[in-house]
Amino acid sequence: MFFSGDSSTRKRVDLGGRSSKERDRKKLLEQARLERNQRLWLRQQNSAALNIQKCFRGRKVVETERCKVREKFFLTYGQDCQDVNRQCFGPESDFLRQLLFFLNPRYVADFSILVETCRLLREFVSDNGDVVSLLAGPDYSSKRGLVEYRVKNFAYACIRAIHENRNQLKDQLFLGPEKSNGSANDLLEAIMLLIDKKLPWARNLVDYLLQKNIFFMFREIILLGKKSFQGSTAIISSLERVVAIIISHVGQESCTCSHSDPRWRFSSQILTIPFLWRFFPHLKEIFATAELSQHYVHQMALCVKDQTYVLPADVSSDFPSYACLLGNLLEAAVITVAQPGSFAWAIDFATVATFLLQALPPVQTSNQGGKDSTLVDDEMLVDDELSEIVLNRDLERDILGALDSRFLLHLTNVLLGGISPASGLHKSRPDDKEMSAVGSACALLHVTFNILPLERIMTVLAYRTELVPVLWNFMRRCHENQMWSSLAEQSAYLPVDAPGVLLPLAVFCPVYKHMLTIVDNEEFYEQEKPLSLVDIRSLIIILRQALWQILWLNPVATPNFSKSTDGAYAMKKHPVEFLQHRVCAVASELLSQKLSVAARLE
1 MFFSGDSSTR KRVDLGGRSS KERDRKKLLE QARLERNQRL WLRQQNSAAL
51 NIQKCFRGRK VVETERCKVR EKFFLTYGQD CQDVNRQCFG PESDFLRQLL
101 FFLNPRYVAD FSILVETCRL LREFVSDNGD VVSLLAGPDY SSKRGLVEYR
151 VKNFAYACIR AIHENRNQLK DQLFLGPEKS NGSANDLLEA IMLLIDKKLP
201 WARNLVDYLL QKNIFFMFRE IILLGKKSFQ GSTAIISSLE RVVAIIISHV
251 GQESCTCSHS DPRWRFSSQI LTIPFLWRFF PHLKEIFATA ELSQHYVHQM
301 ALCVKDQTYV LPADVSSDFP SYACLLGNLL EAAVITVAQP GSFAWAIDFA
351 TVATFLLQAL PPVQTSNQGG KDSTLVDDEM LVDDELSEIV LNRDLERDIL
401 GALDSRFLLH LTNVLLGGIS PASGLHKSRP DDKEMSAVGS ACALLHVTFN
451 ILPLERIMTV LAYRTELVPV LWNFMRRCHE NQMWSSLAEQ SAYLPVDAPG
501 VLLPLAVFCP VYKHMLTIVD NEEFYEQEKP LSLVDIRSLI IILRQALWQI
551 LWLNPVATPN FSKSTDGAYA MKKHPVEFLQ HRVCAVASEL LSQKLSVAAR
601 LE
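Per full-length UniProt numbering: the sequence shown = residues 1 to 602.
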């Protein structure tokens, strides 16, 4: 605007200064930034809207084309595939190509066509006995890519069809092939036919199915089907056979299933189903073999060491996933532990079982050190989780029944059987293998001592295993070679900076104390059992140093466990602090006995 000469209408020029009557430069910049962000947001919204419109229009076009192909398919091959012959499954035919393009298992007509196709596939293969020549023709190598593509999509379509229609098929899922002529059996038998290990595409097919997270689908199928399960466990259903073949894929050449997301693996999705082995007993026998069990348990152990929680949502409040997994693992472990060459499996299993046992809510038969196990009004135990989580009685009974003295005896012998209890080898340094075995065994036994009644397992561990001499030989070598820190580094239960002496003492002290209550004076003084008099003096030194390190060198504020009546709950909330508390208690009791013995010896 030009100057008119009128002083009343003059305007000040905005020079961007910091005068109180002028705009603040910061406000101007802030306003410009907000306007720029607003324009950017509008551009993003418009771009997203365009993409959504393109996707929507594209889906409409694809759906229209599918309808056209579906109509053409029915005109060519009939509404019930009555015009389909052997040549329709060949690589030159459009039968499978058109079917896989328009197939939607939610449509009744498409589902019926897929079931009939599976029936025809099995019929043609049974006539000739060669599925490769049926699908690929005389030259499989030249048609390999096309055939594998069709086989992968066809097998996945069958699984997806069962998953989408599981409510209608729930009464057929656990029936054997000889007792079922339903749609579910036709689909499952076709899947089983295509994933046969002898077929050239078997490995690639199973890898493809695992990438599609089929165990998640199988989980939902099994959870729904088991509600109406009333069959006999002697019948091996087609669904059980399919799952068994897929999990047996482990260890074959070019197997990439170990690189899949751990949340969708067999261990996370299927083994967390409550009472899995009750309706899949054949699958338990397959899983319990040394090779398969080692593979899947090792995968779980890696997740425990990485502190990665990969379990699915709980089926219900009384069936938490970790408890269901523990129950299934323990039941299968009874078979695996008796097989030769199970040392590596035992280390991984002890690691996983320790983590799962510690996560359990307090059980009614848990050991409380001879005290009343009834919960009292303790401020430490006032927690919503304690009052809300109540384990199913049958599941709790199965877990405690499998974790009996016989199983602990076998597992302890497998873990510690390769370690010599001879005292003459005490100057050699324990290797990593021995460290892992002792750490895993002691962690599992420590947790078990606070869950099971001690009278059930203590005598077996004391007199039917070499636990005391092996642990003493190990502790003395670690003490003389100053290797306690290495045990903490190898253990998945202890933090790296925790005293490594905690785990061996937490197991050695109560078992050795139990032996002292039974041994007589002649056996103790003359036969020097369970430890020699020289070893007793060394043990006193180790106990004193351990107590000094816990009580004085680790000034960590610990909860008051002396008032707690539930050791399992305290161990779950404060595992390391509770371990220190237990070691202090059992080491002090054992040290008082040893000091009196040493005084008499002197």
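Note that the Cβ used here is the ideal one computed from N, Cα and C, for glycine as well. These numbers were taken from a predicted model, which means no experiment stands behind them.
Does the beta-carbon distance from F174 to S237 come in below 8 Å?
Contact: yes.
Less than 8 Å between the C-beta atoms of residue 613 and T351, yes or no?
Here the chain comprises residues numbered 1 to 602, so residue 613 is not present and cannot be evaluated.
Whole angstroms are fine: how far does the CA of N213 sit from the CA of L163?
With the sequence shown as reference, residue 163 is identified as His, and Leu is not the correct amino acid for it. Rounded to whole angstroms, H163 to N213 spans 12 Å at the Cα level.
Report the rounded CA-to-CA distance for L28 versus V62, giving the unit in angstroms.
About 51 Å.
Can you give me the C-alpha to C-alpha distance between L415 and R406, rounded to a whole angstrom?
14 Å
Do the CB positions of residue 626 and S321 come within less than 8 Å of each other?
Within the shown structure, residues of the chain are numbered from 1 to 602, placing residue 626 beyond reach of any answer.
Under 8 Å, do A338 and H410 count as touching if we go by C-beta distance?
yes
Which of helix, strand or coil does DSSP assign to F319?
strand
Using the Cβ count rule (16 or more neighbours within 10 Å means buried), how would you classify S588?
By the Cβ neighbour-count rule, S588 is exposed, with fewer than 16 other Cβ atoms within 10 Å of its own.
Determine whether the beta carbon atoms of A190 and C158 lie at a separation below 8 Å.
Yes, the Cβ-Cβ distance between A190 and C158 is below 8 Å.
Could you have a look at T351 and say whether DSSP puts it in helix, strand or coil?
helix
Burial state of G341 (16 or more Cβ within 10 Å):
exposed
Would you say Q490 lies against chain C (beta-carbon separation less than 8 Å)?
Chain labels in this structure do not include chain C; a single protein chain is all it has.
Whole runs of the alpha helix (DSSP H) within the segment 486-550, excluding any shorter than 4 residues:
502-516
Excluding sequence positions up to five away, which residues of its chain have a Cβ less than 7 Å from the Cβ of L356?
Y322, L325 and L326
With C-beta atoms as the reference, is F89 less than 8 Å away from L96?
Yes; because the gap between Cβ atoms is below 8 Å, this pair is in contact.
In angstroms, rounded to a whole number, what distance separates the CA positions of L533 and L539?
Rounded to the nearest whole angstrom, the CA to CA distance from L533 to L539 is 10 Å.
Return the residue from the list L103, Q87, D94 and R33 that minimises the CA-CA distance to R66.
L103
D207 versus S440 - alpha carbon distance:
33 Å
So, for I247: in the same chain, excluding its five sequence neighbours on each side, which residues have a beta-carbon less than 6 Å away from its beta-carbon?
F266
Assign K54 to one of two classes, buried (16 or more other C-beta atoms within 10 Å of its C-beta) or exposed (fewer than that).
exposed
Check this for me: beta carbons of V583 and A546, under 8 Å apart or not?
yes
Buried or exposed, going by whether 16 or more other CB atoms sit within 10 Å of the CB of K72?
In the assembly as shown, K72 is an exposed residue. Its beta-carbon has fewer than 16 other beta-carbons within 10 Å.
Cut-off 6 Å between Cβ atoms - residues of its own chain near I419, not counting five sequence neighbours on either side:
E434 and V470
Residue environment, N46, which counts as buried when at least 16 other CB atoms sit within 10 Å:
That one is exposed.
Reduced DSSP category for A202 - H, G, I as helix; E, B as strand; rest coil
helix
Apart from the five residues just before and just after I335, which ones in its own chain have a Cβ nearer than 7 Å to its Cβ?
Exclusion of the five residues before and after I335 leaves A288 as the residues of its chain whose Cβ lies within less than 7 Å of its Cβ.
Simplified DSSP assignment, three categories, for E331:
helix
Kindly indicate which three-state DSSP category M483 falls into: helix, strand or coil?
Reduced to three states, the DSSP call for M483 is coil.
Boundaries of the alpha helix (DSSP H) in which F279 is found, first to last residue:
Looking at the DSSP string, the run of the alpha helix (DSSP H) that includes F279 is L276 to F279.
Residue interval of the alpha helix (DSSP H) (run including W41):
Residues R25 to Y77.
Sequence-distant residues of the same chain with beta carbon closer than 8 Å to G137, five excluded per side:
G90, P91, E92 and K143
For F56, count neighbouring Cβ atoms within 10 angstroms of its own Cβ and tell me buried if that reaches 16, exposed if not.
exposed
So what's Y156 in DSSP terms, helix, strand or just coil?
helix
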